[in-house]
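Under mature numbering (1 follows the signal peptide of the UniProt record, and there is no 0), the letters of the sequence shown match residues -22 to -1, 1 to 403, in that order. The C-beta atom is built at its ideal place from N, Cα and C for all residues, glycine as well. Computed from a prediction, not measured in an experiment: that's the story for all the values here. Accompanying notes for the structure given below.
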Amino acid sequence: MSSGKKTWSAALLATAVLAVTAACGGGDEAADGRTKLRFSYWGSDARQKMTEEAIKKFEAKNPDIDVEGEFSDFASYYETLSTKVAASDAPDVITLEIRGLREYADRGTLADLTGKVQTADIDPKLLGTGAIDGKQYAVPTGANVFSVVLNPSLVEAAGQKAPDDTKWTWKDYVDLSSQITAKGGGTVYGTQLNWNPAFLQIFAAQRGEPFYEGNKIGVTPGTIVAWWQVMLDTIKAKGSPDAAKTAEVGATSVDQSLLATNTGASGMWWSNQLGAVTKASGKDMSLLRLPKAEGATTGGMFLQPAMFYTASSKSEHAAEAAKFVDFMINDAEVGGIILSDRGLPASSKVLAAVKDKLPPADQKTLEFVDSIKGELADPPAAPPKGASALEDILKRYTEEVIFGRMTPDVAAQKFLTEANAAIAG
């Protein structure tokens, strides 16, 4: 999961569900008799470059297999994938997030990879996030945490100190952000607001509430209202841009975020995005725990599978597809190419092999995750079908609130009604 993501449209989902959804014959034989695999994934230009390099490594070690990468940006990825699946034209190997896993598994699109991919070196709890009803439909590429990314140089330039992230509260977050903006000369904001569901999940956990309870949202209306109040307070105190600018930058990629363009001192991103923010900004960044609610006994943060590799259930080359997944997960050379772009490597052996090769930003990510591991909640199970729509729903109602078009109380009730309908099964 990355922030600012869009999900596939309801219309396309309906098409995909009503169509014959089992992927059919993803690969084919090349003219020279070599097996051709199709591999779908999303990301930045940098990810595409490193993935193509990893594919070349695989092809060099498996000269009878060609792998064709089907790459797109995140905004169009799921719509394109849903259309292909509906047309019985799914790729052989498919990259998915946890929120879309049950959707595709329950529709019969995914193969059970139990025993077909080496997973002994993956933490059992992390591996379990890719299992549904005892079948290993997905193998996690790596792990990350949703965190605050801070630019210390901009904090210091505003005459402020970096917070003690073991103690800071949401009020501290708002206050620090507003003070940085006030000293920023109109060119730097204290923070960039974020409505990623992971943020609400952590905020709710601090208040003792689960995000999901079976096929229902477990977060109460009062908690959603309090979550929005943090945003409203931040905007009012000028700690972040106004609603219009917030909505505009919220739709951009991490490379164009306020942090990445050195116009914001902080923001919430997945820990594996630290490298991209650091590279784009040219500045050293720090990872921090999210602030806590007053009196909270838990920080609410959790280890998350960055993404999964899955295989089509109807691929004509099931063995080769599993072999490719295994290679991408377990080959140390691939680990040295991908580094933490898909999360810190899930395989402990690969992580150990590449640890010293990680660039400084990735070293920071590893150190941060290691330092808070004892505080983290267990990785989440695959959410209900329909969860892939929640980010768009949450974004829509968040914008209604911050633009003042809807009161938080009304928006919370409407969000819960729509979200519960989406995941009712």
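Can you grab the Cα-Cα spacing for the pair residue i / residue j, in whole Å?
i      : j    : result
I158   : S349 : 27 angstroms
G3     : G47  : Bear in mind that the predicted position of G3 carries a pLDDT of just 43, short of 50, making it unreliable; the figure below should be weighed with that in mind. C-alpha separation (whole angstroms): 16 angstroms.
S18    : A64  : 15 angstroms
Q207   : D334 : 43 angstroms
F280   : A121 : 10 angstroms
S(-20) : G11  : The pLDDT assigned to S(-20) is 37, lower than 50, so where the model puts this residue is not dependable; a value taken from the coordinates is nonetheless given after this. Those two C-alpha atoms are separated by around 42 angstroms.
D211   : K62  : 43 angstroms
R25    : T395 : 37 angstroms
L372   : K39  : 45 angstroms
D101   : E294 : 31 angstroms
T385   : P199 : 12 angstroms
T241   : G162 : 9 angstroms
N129   : G196 : 34 angstroms
T58    : T73  : 13 angstroms
I76    : K214 : 35 angstroms
R80    : G106 : 13 angstroms
N398   : S231 : 28 angstroms
S66    : A330 : 40 angstroms
E377   : T92  : 42 angstroms
E311   : T29  : 12 angstroms
A360   : Y82  : 11 angstroms
P219   : G382 : 15 angstroms
D142   : L265 : 12 angstroms
E191   : K145 : 29 angstroms
F346   : L252 : 11 angstroms
W148   : T275 : 14 angstroms
S54    : G21  : 11 angstroms
A(-4)  : E298 : Unreliable placement is indicated for A(-4), whose pLDDT of 37 sits below 50; the coordinate value is still reported in the next sentence. Cα-Cα distance, rounded: 27 angstroms.
E369   : K139 : 33 angstroms
A367   : G78  : 9 angstroms
V203   : I110 : 33 angstroms
Would you check if the distance between the CB atom of residue i and the CB atom of residue j is smaller than 7 angstroms?
i    : j    : result
A32  : I315 : yes
V328 : G313 : yes
S155 : G228 : no
Q170 : S249 : no
P269 : Y167 : no
V267 : G277 : First, the amino acid is wrong: residue 267 is Arg here, not Val. Yes, these two residues count as a Cβ contact at 7 angstroms.
Looking at the unbroken beta strand (DSSP E) that takes in residue i, where does it start and where does it end?
i    : result
M246 : S244 to W248
N122 : G120 to N122
F49  : I43 to S50
I72  : V71 to L74
A289 : F286 to A289
Y19  : T13 to W20
L266 : S264 to L266
Just tell me which of the options has its CA closest to the CA of residue i.
i    : options                   : result
T125 : T97, A109 and N174        : According to the sequence shown, residue 125 is Ser rather than Thr. Answer by Cα proximity: N174.
D42  : I195, K301, W20 and W206  : K301
Q96  : K214, S325 and F177       : S325
L178 : F393, D70 and G93         : F393
A182 : W205, P283 and F346       : W205
V388 : Y167, E345 and Y375       : Y375
T224 : E187, N172, S244 and G192 : N172
D70  : F52, D44 and D99          : D44
D51  : M384, I110 and D233       : D233
K292 : G192, P269, D90 and V197  : D90
D304 : D319, S318 and P323       : P323
T201 : L354, E134, Q391 and I401 : Q391
V379 : T343, A53 and A221        : A221
P338 : M28, G260, E377 and S235  : G260
D309 : K14, G186 and K34         : K34
N193 : F36, V123 and A365        : A365
G164 : L104, D99, A243 and A367  : A243
S60  : A176, A160 and R85        : R85
L344 : A238, E37, G277 and R320  : R320
L104 : V203, A284 and M246       : A284
S131 : L15, G273, L237 and L336  : L237
At which residues does the alpha helix (DSSP H) containing residue i begin and terminate?
i    : result
R374 : L368 to I380
A183 : P175 to Q184
K27  : D23 to K39
W205 : P199 to K214
L236 : Run containing L236: none; DSSP gives neither H nor E here.
L104 : P102 to G106
F393 : P386 to A400
V152 : W148 to A160
A297 : A296 to N308
F346 : P338 to I350
T165 : That residue, T165, is in no alpha helix (DSSP H); it is neither H nor E in DSSP.
P130 : P130 to A135
G228 : A221 to G228
A258 : L252 to S259
V328 : S326 to V332
At the 7 angstroms Cβ level, is residue i part of the contact set with chain C, yes or no?
i    : result
G260 : Among the chains in the structure shown there is no chain C, since it carries only a single protein chain.
Practice task
Count the C-beta pairs between the region 280 to 298 and the region 115 to 132 that are closer than 8 angstroms, then say yes if the count reaches three, no if not.
Solution key: Yes, since at least three Cβ pairs between the region 280 to 298 and the region 115 to 132 fall closer than 8 angstroms, the two stretches touch.
Practice task
Say whether the region 102 to 114 touches the region 250 to 259, bearing in mind that this needs 3 or more beta-carbon pairs closer than 8 angstroms, one atom from each stretch.
Solution key: Taking one beta carbon from each stretch, the region 102 to 114 and the region 250 to 259 have fewer than 3 pairs nearer than 8 angstroms; the two do not touch.
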